[in-house]
Amino acid sequence: MRLDLAACSSGSVVVTRGSFQIYDAAGHAVVRPETTSSAADQMVDKDGHRHFMAKEIHQQPEVVGHTLSRYIDPATETVALPAGGFDFAKLDRLTISACGTAYYAGLISKYWFEAWAHLPVEIDIASELRYRDVPYPKNGGALFVSQSGETADTLAALRLAKAAGFDYIAFKPVLERQADGADQQKEGGHHDHERGHQFKGGVGHASCLIRSRRRG
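Oh and the sequence shown: position 119 is 1086 in our numbering, straight run, nothing missing.
Written out as structure tokens, the structure is:
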């Protein structure tokens, strides 16, 4: 199954009746770039399982494998991630912000960043971070994680960091379009409510990120 997708930015309107036209916030007709999804049918249905939770449990090894395979070169046993505009080697402190299961992945990542990358980390629930008057350190950075890419509080916290001139990186589609650096979490196709996939994929993502940016 192949799907062609066009992402709408905030304020856009789509009118659909057999076809569609996208209008921006000012009411002007616009064309948005399309991306292609190659997700197979079995990745977006229950694939023979009684419910999606059972499918998620059985898919755990596949989810971690999808995440790690994007970054690990088995021939050289090295990890490489797209750098974007984000340089972990120059950071003195990292702030992780997320909600829900993405926040739980961040909690584990905090221990790993501090133990393996020797980088001090604080973690905030995005709904709290966005309402705080946060003093962003000169050599600090932020990592924003979202299960859907549409989490309102996480997006708001990201925009505040951006307005403050803070360096940051984001996981997930909508966040990535607004971030200095971005990593698309590759979990394989799955149902939107399989939150455990976000947790496992996020933790796997963080392990690659830490290993590739490991400091002395």
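For every residue, glycine included, the Cβ atom is placed at its ideal position computed from N, Cα and C.
| Query | Result |
| --- | --- |
| Three or more C-beta pairs under 8 Å: does that hold for the region 1056 to 1065 against the region 1080 to 1092? | yes |
| Entirely within the region 1041 to 1101 and at least 3 residues each: give me those beta strand (DSSP E) ranges in chain order. | 1060 to 1065 and 1088 to 1092 |
| Alpha carbons only, please: which of R1017, G1015 and L1096 is nearest the one belonging to I1063? | L1096 |
| Can you tell me whether T1043 is buried or exposed, with buried defined as 16 or more other CB within 10 angstroms of its CB? | exposed |
| Which term fits D1134, buried or exposed, when burial requires 16 or more other beta carbons within 10 angstroms of its beta carbon? | buried |
| Indicate whether L1122 and S1113 have their beta-carbon atoms separated by less than 9 Å. | yes |
| Is DSSP giving A1149 helix, strand or coil here? | For A1149, the predicted structure reports a pLDDT of 45, less than 50, and the residue's modelled location is therefore unreliable. The matter cannot be settled from this model. |
| Have a look at Q1151 and Y1038 and give me their C-alpha separation to the nearest angstrom. | Per-residue confidence for Q1151 stands at a pLDDT of 45, beneath the threshold of 50, marking its modelled position as unreliable; the derived number appears in the next sentence. Straight-line Cα distance between these residues: approximately 11 Å. |
| Please state whether the Cβ-Cβ distance between D1120 and I1092 is less than 9 Å. | yes |
| Using alpha carbons as the reference points, say which of Y1103, A1130 and A1109 lies closest to G1073. | A1109 |
| Buried or exposed: Q1026, going by 16 or more other Cβ atoms within 10 Å of its Cβ? | buried |
| From what residue to what residue does the beta strand (DSSP E) around A1109 run? | G1107 to V1112 |
| Restricting to Cα atoms, I'd like to know which of K1022, G1132 and H1016 is closest to N1106. | G1132 |
| First and last residue of the beta strand (DSSP E) that includes F987? | F987 to Y990 |
| Name, in chain order, the residues that DSSP records as bridge partners for A996. | Y990 |
| Quick check: what's the CA-CA separation for A1021 versus A996? | 44 Å |
| Of the choices P1102, V1031, C1066 and F1019, whose alpha-carbon is the least far from that of S1094? | C1066 |
| Residues in the same chain with beta-carbon distance under 6 Å from K1077, minus the five sequence neighbours each way, listed in chain order, please. | V1088 and I1090 |
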